[in-house]
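> Residue numbers (UniProt numbering): 1 to 267.
Here it is: the structure, laid out below.
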């Protein structure tokens, strides 16, 4: 069932809520939307999960205000959804940029209702390099990406998607993912790229108080596998599952393994 949740005056998020059972909230990557989890949505509600897919502000079917694309505001939006749906004992799964948003939620807004964090190819704790963090891309590369988005967003989105899969995918599937990205507004796409470039979550990792499952493709060319290695080091109750045959989009590259690992959590 699709519905809208108002997260602040004149800003509502689209939420897909399917099934009954263990609630798991899915946060998509940049600049996609909840439909990217189609291959989880197909299976998990049949096997004990209540699938809750949220379109972040600016993305998919959600409202697209000019403001609010920092991680704290995006996490606060998720808090509003959790409260509106009155979720109890729920899991929170964040893919790519959804990962740092899930972390920010866990450290700044979560109550005892959050029982588990699931980070899938997360763009965390940093997406860009620092003097004391050698992983990821340089800030200047994100600046170039932003200029490309401002000049030719469809071509830039298609180029970004080129290296996202490790498995052979059809041209149609690749184009479908690109189409999801183009549903986001241009201003939200650019503003979120700036957040990816600038935000740093390292100081809050020790504040994560729930068991955390890390899933990461060994061939990920978007979010370095070492991101999850670093998270595993600093999140006290965490486990890391490498996906040996996956690139960034492990939810498709190894969808059977991804779904099986999620199902293990409720057995």
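No residue lacks a Cβ here, since even glycine has one placed at the ideal position from N, Cα and C.
Considering residue 3, what are the terminal residues of the beta strand (DSSP E) in which it resides?
For this step, residue 3 is matched to residue 3 along the chain shown. Taken as a continuous stretch (DSSP letters only), the beta strand (DSSP E) holding residue 3 covers 2–8.
> Check whether the Cβ atoms of residue 222 and residue 96 lie closer than 8 angstroms to each other.
Translated into the one-based positions of the chain shown, residue 222 becomes position 222. Translated into the one-based positions of the chain shown, residue 96 becomes position 96. Yes, the Cβ-Cβ distance between residue 222 and residue 96 is below 8 angstroms.
> Tell me, please, which residues DSSP counts as bridged to residue 117.
For the purposes of this step, residue 117 is identified with residue 117 of the chain shown, where counting begins at 1. DSSP output for residue 117 lists 92, 212 as bridge partner(s).
> Output needed for residue 98: all residues of its chain with C-beta closer than 7 angstroms, excluding positions within five of it in sequence on either side, in chain order.
As a working note, residue 98 is residue 98 in the chain shown. If we look at residue 98 and ignore the five residues flanking it on each side, its Cβ neighbours are 27, 28, 29.
> Taking 8 angstroms as the cut-off, decide whether the C-beta atoms of residue 125 and residue 200 are in contact.
For the purposes of this step, residue 125 is taken as residue 125 along the chain shown, with counting starting at 1. For the purposes of this step, residue 200 is taken as residue 200 along the chain shown, with counting starting at 1. Yes; because the gap between Cβ atoms is below 8 angstroms, this pair is in contact.
> Ends of the alpha helix (DSSP H) at residue 98?
Mapped onto the chain shown, residue 98 falls at position 98. From DSSP, the alpha helix (DSSP H) with residue 98 extends over 98–108.
> What's the C-alpha gap between residue 240 and residue 85?
Stepping through the chain shown from its first residue, residue 240 is reached at position 240. Stepping through the chain shown from its first residue, residue 85 is reached at position 85. Going from the Cα of residue 240 to the Cα of residue 85 covers about 30 angstroms.
> Pull up the distance between the alpha-carbon of residue 16 and that of residue 144, whole angstroms please.
Position 16 of the chain shown, counting from 1, holds the residue named residue 16. Position 144 of the chain shown, counting from 1, holds the residue named residue 144. The alpha-carbon atoms of residue 16 and residue 144 are separated by roughly 34 angstroms.
> According to DSSP, is residue 128 part of a helix, a strand, or is it coil?
Taking the chain shown and counting its residues from 1, one reaches residue 128 at position 128. Looking at residue 128 - three-state DSSP - the assignment turns out to be strand.
> Would residue 128 be called buried (16 or more neighbouring beta carbons within 10 Å of its own) or exposed?
Numbered from 1 along the chain shown, position 128 holds the residue referred to as residue 128. With 16 or more other Cβ atoms within 10 Å, it is buried.
> With DSSP collapsed to three states, give me the class of residue 200.
Mapped onto the chain shown, residue 200 falls at position 200. Residue state, collapsed to three classes: coil.
> Any chance the stretch 7–25 sits against the stretch 45–55, with 3 or more Cβ pairs inside 8 angstroms?
yes
> Bridge partners of residue 243, per DSSP?
Here the question's residue 243 lines up with position 243 in the chain shown. Partner residues in the beta bridge of residue 243, as assigned by DSSP, are 217.
> Using a 10 Å radius around the Cβ and a threshold of 16 neighbouring Cβ atoms, would you call residue 163 buried or exposed?
Start at 1 with the first residue of the chain shown, and residue 163 comes out as number 163. Flag for residue 163 reads exposed.
> Within a Cβ cutoff of 8 angstroms, which residues of the same chain sit near residue 156, ignoring the five residues on either side of it in sequence?
Within the chain shown, the letter at position 156 stands for residue 156. Around residue 156: 145, 148, 149.
> Which word fits residue 81, buried or exposed, when buried means at least 16 other C-beta atoms lie within 10 angstroms of its C-beta?
In the chain shown, the residue the question calls residue 81 occupies position 81. Under this definition residue 81 is a buried residue.
> List the endpoints of the continuous alpha helix (DSSP H) containing residue 71.
Counting from 1 along the chain shown, the entry for residue 71 is found at position 71. Its alpha helix (DSSP H) spans residues 71–85.
> According to DSSP, residue 22 sits in a beta bridge with which residue or residues?
In the chain shown, residue 22 corresponds to position 22, counting from 1. For residue 22, which the question treats as bridged, DSSP gives the partners 49.
> Per DSSP, residue 54 forms a beta bridge with which residues?
Within the chain shown, residue 54 is the residue found at index 54, counting from 1. According to DSSP, which records beta bridges pairwise, residue 54 is partnered with 15, 27.
> Exposed or buried, what is residue 46 when buried is set at 16 or more other beta-carbons lying within 10 Å of its beta-carbon?
As a position in the chain shown, residue 46 is number 46, starting the count at 1. Exposed is the call here.
> Determine, using beta carbons only, whether residue 117 and residue 212 come nearer to each other than 8 angstroms.
As a first step, residue 117 is located in the chain shown; it is residue number 117 there, counting from the start. As a first step, residue 212 is located in the chain shown; it is residue number 212 there, counting from the start. Yes, they are a contact pair.
> What separation, rounded to the nearest whole angstrom, lies between the Cα atoms of residue 9 and residue 245?
Within the chain shown, numbered from 1, the residue matching residue 9 stands at position 9. Within the chain shown, numbered from 1, the residue matching residue 245 stands at position 245. For residue 9 and residue 245, the distance between alpha carbons rounds to 44 angstroms.
> Within 8 angstroms, do at least three Cβ pairs link the stretch 174–185 to the stretch 32–45?
yes
> Measuring straight from C-alpha to C-alpha, what distance separates residue 220 and residue 112?
By one-based count along the chain shown, residue 220 stands at place 220. By one-based count along the chain shown, residue 112 stands at place 112. When rounded, the distance between both Cα atoms is 33 angstroms.
> Taking the beta carbon of residue 40 as the centre, do at least 16 other beta carbons fall within 10 Å, making it buried, or is it exposed?
Counting from 1 along the chain shown, the entry for residue 40 is found at position 40. Buried, by the Cβ-count rule.
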